[in-house]
Structures are given as structure tokens and as C-alpha cells.
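Be aware that the sequence shown starts at 1, since it is given in the numbering used here, and climbs by one per residue. Where a beta carbon is used, it is the ideal one built from N, C-alpha and C, also for glycine.
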Amino acid sequence: MSFNNRSKNIFITALFVILFVPSLIFSQNITLTVGDVSGQTGEKLVPLDITISNLVDTLIGFQLWLQLGGFEIVKFQEGDVPLKYLYDTSSYIMPEWGVHTTSLGGNGRDILITSVGYTLDYNFLIPPQNDELLIRLYLEVVDTFVFPPEDSLARIDMSTEPSWHFSLIKPSGESIGLTYNIYTDTTCYECITWVGETCLEYQRVPRVIGVPIDPSLCDSMYIVLDTTAILDMNYVQINQGSFTLLPTCGYSLATEDYDIYDLVALVDFIFTDGATLTNDEADFTCDCAVDISDLVGFVDFIFTGGVAPSCSTE
């Protein structure tokens, strides 16, 4: 086998990337994705999936904390036990693991999921996983609104702060994807009782977050090196989710009050750009739209004794 110079250069470059730049290949080894879901007012048990893609790490447990924006329209579905929130055991990726769900706020606007396997049973989550279901939670849409919501979209955010309940655990107990920042922690003291050149009593100088300490204000200082854990987003990727409130579908007014005048208004809306009609007023077919199919249904209902508008499936 022979190589020309150009082929040799390409081969050597590729070999260098494979051997010495593994981060280019294995960056973002774990990806957690919170689903984008939707539901209508009053809907219960809206499934919310959290999926995982994992290239190389074996897991024995995790802790995830999800928080809802737009809390006036949706919350996590509560279980029978107070502060116990529902998840789907049949779809859980590791059914042998113990799972505990709770709301730190106690109102269903957040959910803390803690799940741990048993190392003696060797029931580890072995890679690889490719966008597989990690756990399925359930949301509950509110029944009524005191005031119409300003936004139909609610964010579903997974915390990425290790100090705020995010961890992926190896069988060794080590947390996955963490890196540590070393910083100087300085405590400043001023003397409040002097006797000559000797201080008999110190008091701590209050520290303002984000404002560096002025050493000239300190009669004594205590300096230590400390560390803080942060999630390495080059190793672990989090895709946040959302909930979208869908418009209410189906005619919901009294059918005995629907008459020829309502039918004329519907014709005017469809064919002559008349006054707008809502789904409550004109959605005969319960498809969340007002169109010609609804007109056909109402004509049949009024003139031929056809079925009344109803979204019931019974």
C-alpha cells in the first residue's frame, strides 16, 4: 500500500483528531430533553416526557428539578398522597429503581424527581441510549381562569444548578458532568475595640454580593480558597420544554337557543368576512376551527332534525 504526500497528511490529521481530541467526538455525552406538549382547559393527565441520549456513562440514579412558567394555566398532576406527583411506572426506563416525586413549593408548580437504583442488584442504566424515554410525568390544565391568561405558552425549565437539585450519578457515587471553579473567599473584619495597638474585639464587615472587598476597610482578613460545582454544558446538554394552551374547541352554548339568526351570522362570517365567531359560538364539529363543515352541521340540526352540536364521544 502506498500513500502520496497529500494522502499521508489527511491520514495523519484524522489519526491525530481521533487519538488526541476526544472531546470533539464525545462532546455532550448526555442530552436530557424536556418535551413540548399542549392541552386544553380542564384537561387532565397531559403526558410530559423526559428523554435521554447517553453515549458512554453508566447511571445508577438521578435528581431533576423542573419548574413551570405560566403557572396560572398548568401544574404537575398530583397523586393520591399529598405532595406526591404522578409519573408513569409502565414507561419508566428503569422500573426497578426507587422513585420519589414532590413539589418543593408545595403547589404543583414545580416537581423534584429523585430516582436511585440498588448497586447490589447491578441494575444500572447501561449506555448507549438514543433519545429514549427516561420518565413520563403528567400535567393538569386548570379548569377555569379568574382572568384570561396573558400568554398561552408556559415554559418547563429543568434546573442546571448542581446546588439546586441536578445530579446524574455513577455507580461509584460520582456526579457526572460537573466541573469545579476555584475562587477566593475573603472575610473582612473591622476592629471595634482598640487598646493601644491591640484590637480586643472584631466584627465582621457585611459583604455585598458582586462587590469586591476593599482591603483598606479591613483591620483583619480571613482568606480561603473554595470551590463551587457547575454543570459542564459541553458534556451535558439540557433541552428545555414548554406547554401550549390550546383554544377551547366545540360549541358550548345552549342548543335550544341556536336559531336562524345565529345561522345567518355564521354564513356572514364564513362568506363575507362578518363578525368573528369563537369556537364556543360556532364550532359544531369540535375541530377547533369555524368553517363550512360547521355550517353544514348547523343547517342539518335546524332544518332536518339532525344531531345537536356536541363534543361528546359517547
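Minimum Cα-Cα distance from T58 among the listed residues K44, E72, L217 and T119 corresponds to T119.
Judged by their CB atoms, L139 and L48 are nearer to each other than the 8 Å cut-off. Around the beta carbon of G61, a 10 Å sphere encloses 16 or more other beta carbons of the protein chains shown; the residue is thus reported as buried. Going by C-alpha positions, L178 is about 18 Å away from T33. Using a Cβ distance threshold of 8 Å, D185 and C199 do not count as a contacting pair.
When G241, A308 and V264 are compared, the shortest CA-CA separation from A254 is found for A308.
Its Cα nearest to that of D259, the residue A282 stands out among A282, T278 and S175.
Between the alpha carbons of S310 and T272 lies a gap of roughly 26 Å. Take the alpha-carbon of W65 and the one of A275: they are about 46 Å apart. Bridge partners of A154 according to DSSP: F243.
Membership of F76 in the beta strand (DSSP E) is indicated by the continuous run V74 to F76. The distance from the Cβ of V46 to that of V37 is about 6 Å, consistent with a contact at the 8 Å cut-off.
Beta-carbon to beta-carbon, I213 and Q203 are separated by about 15 Å, too far to satisfy the 8 Å threshold. Three or more Cβ pairs drawn from the stretch 294-309 and the stretch 240-257 lie within less than 8 Å of each other, which places the two stretches in contact. The shortest C-alpha to C-alpha distance from T227 to any of P206, Y180, S242 and N130 is the one to Y180. Its chain contains I182 and T184 as the residues whose beta carbon lies nearer than 7 Å to that of L225, once the 5 sequence neighbours on both sides are disregarded; these appear in chain order. A straight-line Cα-Cα distance of about 40 Å links I93 and N279.
In the DSSP annotation of this structure, the continuous segment of the beta strand (DSSP E) that includes S38 starts and ends at D36 to G39.
With 16 or more other CB atoms across the displayed protein chains lying within 10 angstroms of its CB, L125 is buried.
Taking all protein chains shown into account, V296 has fewer than 16 neighbouring C-beta atoms within 10 Å of its C-beta and is therefore exposed. Within the stretch 112-144, the runs of beta strand (DSSP E) that reach at least 3 residues and sit entirely inside it are, in chain order, 129-141. Around the CB of A289, fewer than 16 other CB atoms lie within 10 Å, so the residue is classed as exposed. If you draw a straight line from the Cα of F303 to the Cα of D268, it is about 19 Å long.
Per the coordinates, the alpha-carbon of S103 lies some 24 Å from the alpha-carbon of I176. For F62, the enclosing beta strand (DSSP E) has its first and last residue at G61 to L68. About 51 Å separates the beta carbons of E190 and L153, which is beyond the 8 Å limit, so they are not a contact pair. At a Cβ-Cβ threshold of 8 Å, F301 and L266 do not count as neighbours. Burial check for M221: the Cβ neighbour count within 10 Å stays below 16, so the residue is exposed. When C-alpha distances from D151 are compared across A229, G69, W164 and L112, the shortest belongs to G69. In this structure, DSSP gives I213 a state outside helix and strand, which the three-state scheme calls coil.
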